[in-house]
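In the working numbering, the protein residues as written are 639 to 855.
Each residue gets a CB set at the ideal place from its N, CA and C atoms; glycine is no exception.
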Ligand code: B16
Ligand code: MG
């Protein structure tokens, strides 16, 4: 089946917001009195905000009431937004704009499929919003990756079959979500970690669309 659409995860694929998530989560851990390492932060990639807080508290061996957790997640998000608002288009990952422009010229549809509730804010801030036909984010899904809901919603809104889409993902849970929804999937990052993907690339720098269109054949 011919490829008709491309669905992009946001954090780790289009922009690197993981470093800002880390700074905001680390501040919270410091305030709660434990150390939260960059290695620990790897466990939060692609994971929802609520689940991220649970992992963080697990790392610190801290147990809290639900209402306190809610307040802490909101506070973390305020700190995170303060970083996000200072982002510039220079922070778009290498090759992404050229790749999106090539997709548009070739008549492919594009969407974002992200767990983040801040996806629109981030895309607006780095001036990328107009490059996507649809944005499906954490505000519109009830089931987190590896459930395919976010990508299925994107395909439905784009009006294409899942086998006609390629999902680009940097997180293992996201790759599983794409596989669970019968999408083609390209991993962005390390070949060994993302070995379930059909193809893995380090990023979009010097990558042409033709490299992926053969996945549909
Ligand atoms: P927010 P993605 C994910 O984005 C991040 O990778 C993950 O670390 C974060 O916890 C999640 O978004 C929720 O983000 O707090 O902004 O709603 O990789 O799915 O684009
Ligand atoms: Mg990601």
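Cut-off 6 Å between Cβ atoms - residues of its own chain near residue i, not counting five sequence neighbours on either side
i	result
residue 843	732 and 733
residue 827	808
residue 791	774
Outcome for residue i when other beta-carbon atoms lying within 10 angstroms are tallied against a minimum of 16
i	result
residue 709	exposed
residue 798	buried
residue 690	buried
residue 705	exposed
residue 830	exposed
residue 793	buried
residue 662	buried
residue 676	exposed
residue 815	buried
Alpha carbon of residue i to alpha carbon of residue j, nearest angstrom
i	j	result
residue 779	residue 751	10 Å
residue 646	residue 652	7 Å
residue 639	residue 848	15 Å
residue 835	residue 801	14 Å
residue 786	residue 833	18 Å
residue 642	residue 852	12 Å
residue 855	residue 837	14 Å
residue 788	residue 817	13 Å
residue 841	residue 735	12 Å
residue 701	residue 680	21 Å
residue 716	residue 699	24 Å
residue 796	residue 757	18 Å
residue 719	residue 711	12 Å
residue 824	residue 806	5 Å
residue 658	residue 648	14 Å
residue 822	residue 784	15 Å
residue 819	residue 683	20 Å
Cβ shell of residue i (< 7 Å), same chain only, five flanking positions each side left out
i	result
residue 727	764 and 765
residue 738	748 and 769
residue 839	824, 826 and 845
Supposed close pair residue i, residue j - CB separation, criterion 8 Å
i	j	result
residue 776	residue 686	6 Å
residue 644	residue 804	5 Å
residue 654	residue 703	With 8 Å as the limit, residue 654 and residue 703 do not qualify as a contact, their Cβ atoms being about 34 Å apart.
Proximal residues to residue i (C-beta, below 8 Å), its chain only, five neighbours per side dropped
i	result
residue 782	685, 686, 689, 753 and 811
residue 746	641, 642, 643, 644 and 847
Validate contact between the stretch 662–672 and the stretch 681–695 using beta carbons, cut 8 Å, 3 pairs: yes
Touching or not, the stretch 757–777 and the stretch 716–723, by the rule of three or more beta carbon pairs under 8 Å? yes
Is there contact between the stretch 766–776 and the stretch 742–758, where contact requires at least three CB pairs shorter than 8 Å? yes
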